[in-house]
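Participant:
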Amino acid sequence: MTGSRRDRRQAGSRLQGVREPRRARLGEFATRFPPPGRLLDLGCSCGYFLDVALESGYDAYGVEFSEEAIAAAQPATRQRIRRANVNDAGGDHPHEYDVVTAFDIIEHVEDPIAFLVEIAGMLVPGGGVVLSTPDTGHVLRYVMGTRWPMLQPMQHTTLMSRLGLRIALERAGFQQVVVTTARKTLTLEYLVEQLRDHNPALHAAYTMTRRIVPGAVRTYPLRINIGEQMAVAVKPSW
Numbered sequence: 000m001t002g003s004r005r006d007r008r009q010a011g012s013r014l015q016g017v018r019e020p021r022r023a024r025l026g027e028f029a030t031r032f033p034p035p036g037r038l039l040d041l042g043c044s045c046g047y048f049l050d051v052a053l054e055s056g057y058d059a060y061g062v063e064f065s066e067e068a069i070a071a072a073q074p075a076t077r078q079r080i081r082r083a084n085v086n087d088a089g090g091d092h093p094h095e096y097d098v099v100t101a102f103d104i105i106e107h108v109e110d111p112i113a114f115l116v117e118i119a120g121m122l123v124p125g126g127g128v129v130l131s132t133p134d135t136g137h138v139l140r141y142v143m144g145t146r147w148p149m150l151q152p153m154q155h156t157t158l159m160s161r162l163g164l165r166i167a168l169e170r171a172g173f174q175q176v177v178v179t180t181a182r183k184t185l186t187l188e189y190l191v192e193q194l195r196d197h198n199p200a201l202h203a204a205y206t207m208t209r210r211i212v213p214g215a216v217r218t219y220p221l222r223i224n225i226g227e228q229m230a231v232a233v234k235p236s237w
């Protein structure tokens, strides 16, 4: 195999690797809000979730503030991403979408309830919102205390329990609120790297023994709950 073919194959494998977790997440709500509905992903980053949504038949669009992230999106997907701050994303999209997604976004916004009200304004009657955010009731918060990675004062302005998230959605006018465990697809290598600042001793121990851990084990995708919740809610039809 030539170098260029090998590089293309490896690049395709990496792209598939980042899309698979998004495909799993889409599957968690696609039956409730099925394609070919119109979907908006707030804080869409490089557009990987949009790629999966488009492949699944949605008419998908995104909002992202980072110019670098938008530039890294696939060309066809990039055309569907609008550069904007998610706090100001809803003004020109009234009653336009069947589903709005916001993964790991609401903890960063200035006013969570105002943000949810804005999302409601983007949705058609009967449309749905799907979001994920840290769960302050998760056992890791109590086990890790002040070292819990979700405690990021300069980034996470609001953290909520499952009850708090439910109340926020209901105050914003949503109904049929369902809050469940959010899972992410991560590798052992990624998880241990996150320990560098939070548990340096464990990180150092893994680094010393890393060579004896098979590569397949280090990079095997694991669907785990790292302390997050996912909510699905519906805008009233009236």
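The opening residue of the sequence shown carries number 0 in this note's numbering; numbering runs sequentially from there. Glycine included, every Cβ here is placed at the ideal spot set by N, Cα and C.
1. Considering only their Cβ atoms, is the gap separating L122 from Y96 smaller than 8 Å?
2. Go through its chain and collect everything with a Cβ distance to Y219's Cβ below 8 Å, but skip five positions before and after it.
3. Could you pull the start and end residues of the alpha helix (DSSP H) that A200 belongs to?
4. Looking at the unbroken alpha helix (DSSP H) that takes in T76, where does it start and where does it end?
5. To the nearest angstrom, how far is the alpha carbon of L162 from that of A71?
6. With distances taken between CB atoms, is the gap from R21 to F48 smaller than 8 Å?
7. Compute the Euclidean distance between the alpha carbons of E109 and S55, then round it to the nearest angstrom.
8. Please list, in chain order, all residues of the same chain as E169 whose beta carbon is under 7 Å from its beta carbon, the five residues on each side excluded.
9. Since A71 is in the beta strand (DSSP E), which residue starts that stretch and which ends it?
10. From what residue to what residue does the beta strand (DSSP E) around I80 run?
Facilitator: If we stick to the structure as given:
1. yes
2. Exclusion of the five residues before and after Y219 leaves T186 and L187 as the residues of its chain whose Cβ lies within less than 8 Å of its Cβ.
3. P199 to T208
4. P74 to R77
5. 37 Å
6. yes
7. Cα to Cα, E109 sits roughly 33 Å from S55.
8. Taken in chain order, the residues that qualify are V176.
9. In the DSSP assignment, A71 falls outside any beta strand (DSSP E) and carries neither an H nor an E.
10. I80 to R82
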